[in-house]
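Visitor: One structure, pasted below without further comment.
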Amino acid sequence: MYLHITEPSQKISSKIIGIWRVTNTIGHTIVLAILGALLYFSQTFQWVGWIDPLLYILIGLMIISAVFSIFIEPAFLQKSWRYEIDEEFVQLKHGRFNQYHTLIPMEKVEYVTTDQGPFLRKHDLYNVKIGTTTSSHTIPAIHKDEAIALRSQIAVFAKVKDTDAEREEKE
Numbered sequence: 001m002y003l004h005i006t007e008p009s010q011k012i013s014s015k016i017i018g019i020w021r022v023t024n025t026i027g028h029t030i031v032l033a034i035l036g037a038l039l040y041f042s043q044t045f046q047w048v049g050w051i052d053p054l055l056y057i058l059i060g061l062m063i064i065s066a067v068f069s070i071f072i073e074p075a076f077l078q079k080s081w082r083y084e085i086d087e088e089f090v091q092l093k094h095g096r097f098n099q100y101h102t103l104i105p106m107e108k109v110e111y112v113t114t115d116q117g118p119f120l121r122k123h124d125l126y127n128v129k130i131g132t133t134t135s136s137h138t139i140p141a142i143h144k145d146e147a148i149a150l151r152s153q154i155a156v157f158a159k160v161k162d163t164d165a166e167r168e169e170k171e
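The UniProt record's numbering numbers the first residue of the sequence shown as 1 and each following residue consecutively.
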């Protein structure tokens, strides 16, 4: 006996591609700067001979990783992300190479929150975080109005007290 569950169809915002590219660029730039500083110190202070080749290999791998993480991965992630909310389940599906399809029963949902960092705020996007007893799951890059409605809808379906809405009312 199998329960027929339709595939998730809701997409996340395409603006997230640019945000992921910026954050990945920042992260890779920091790591490359640290590796560059280590290489400089290695040559200046004449560290052990095997450190220079190791640092060159690490820098090369980081450049390859940066090309993938900045130019290829964000578009794949955005195109593969889907979610669906109904009275019984929250469905999350993402990934191209390793596909993940998560079903969260509404009766297991303990909390639902929204959050945004500075890059998401610039584009008026939110992450919706759904928490259960053992884990939390995030739906990234949802437009503000949709994220607030989604948070409220999940709270109603799961019979969860909407703490974010109460906080907004107090402010």
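Cβ coordinates follow ideal geometry from the N, Cα and C atoms, glycine included.
#1: May I ask you to report which of helix, strand or coil DSSP gives Ser9?
#2: Distance, Cα to Cα, Thr134 vs Met106?
#3: Just checking my contact of Ile139 with Ile12 at CB under 8 Å: how many whole Å lie between their CB atoms?
#4: Suppose contacts are defined by Cβ-Cβ distances below 9 Å. Is Ile142 in contact with Gln78 by that definition?
#5: Where do the N-terminal and C-terminal ends of the alpha helix (DSSP H) with Leu77 fall, by residue?
#6: Three or more beta-carbon pairs under 8 Å between the stretch 54–69 and the stretch 15–35, yes or no?
#7: Where does Tyr40 land, buried or exposed, given buried means 16+ other C-beta within 10 angstroms?
#8: For the beta strand (DSSP E) containing Leu125, name the first residue and the last one.
#9: Shorter than 9 Å from the beta carbon of Phe119 to some beta carbon of chain B?
#10: Tell me which same chain residues have a C-beta within less than 8 Å of the C-beta of Trp5, skipping the five on either side of it?
#11: What does Pro105 pair with, by DSSP beta-bridge criteria?
#12: If you pair each beta-carbon of the stretch 107–121 with each one of the stretch 147–154, do three or more pairs fall below 8 Å?
#13: From Ala75 to His94, what distance separates their C-alpha atoms?
#14: Since I believe Arg82 is in contact with Pro8 (beta carbons under 8 Å), could you give me their beta-carbon distance rounded to a whole number of angstroms?
#15: Using three-state DSSP, classify Ser152 as helix, strand or coil.
#16: Excluding sequence positions up to five away, which residues of its chain have a Cβ less than 8 Å from the Cβ of Val160?
Guide: So, to answer that:
#1: Counting from 1 along the sequence shown, the entry for residue 9 is found at position 9. Three-state DSSP puts Ser9 in coil, outside helix and strand.
#2: To locate residue 134, count along the sequence shown from 1; it is residue 134. To locate residue 106, count along the sequence shown from 1; it is residue 106. Distance between the alpha carbons of Thr134 and Met106: 14 Å.
#3: Working through the sequence shown from its first residue, we reach residue 139 at position 139. Working through the sequence shown from its first residue, we reach residue 12 at position 12. Sure, about 7 Å apart at Cβ, within 8 Å.
#4: In the sequence shown, counting from the first residue as 1, residue 142 sits at position 142. In the sequence shown, counting from the first residue as 1, residue 78 sits at position 78. Cβ distance not < 9 Å, so Ile142 and Gln78 don't count as in contact.
#5: Start at 1 with the first residue of the sequence shown, and residue 77 comes out as number 77. Where Leu77 is concerned, the enclosing alpha helix (DSSP H) stretches over 73–80.
#6: yes
#7: In the sequence shown, counting from the first residue as 1, residue 40 sits at position 40. Flag for Tyr40 reads exposed.
#8: Position 125 of the sequence shown holds residue 125. Start and end: 125–131.
#9: Absence of chain B from the displayed structure is noted, only one protein chain being present.
#10: Reading the sequence shown from its first residue, position 5 is the one you call residue 5. At residue 5 the sequence reads Ile, which differs from the Trp that was named. Within the same chain, and ignoring the five residues on either side of Ile5 in sequence, the residues whose Cβ sits closer than 8 Å to its Cβ are Phe89, Gln91, Leu103.
#11: Within the sequence shown, residue 105 is the residue found at index 105, counting from 1. Note: Pro105 sits in a beta bridge opposite Phe89.
#12: yes
#13: If you number the sequence shown from 1, residue 75 lands on position 75. If you number the sequence shown from 1, residue 94 lands on position 94. CA-CA distance, Ala75 to His94, rounds to 12 Å.
#14: Sequence index remark: in the sequence shown, residue 8 carries index 8 (1-based). Sequence index remark: in the sequence shown, residue 82 carries index 82 (1-based). Rounded, the Cβ-Cβ distance is 4 Å, consistent with contact.
#15: Counted from its first residue, the sequence shown places residue 152 at position 152. Residue state, collapsed to three classes: helix.
#16: Here residue 160 refers to the residue found at position 160 when the sequence shown is read from its first residue. Excluding the 5 residues flanking it on each side, Val160 has same chain C-beta neighbours closer than 8 Å at Val109, Glu110, Tyr111, Val112, Ile154, in chain order.
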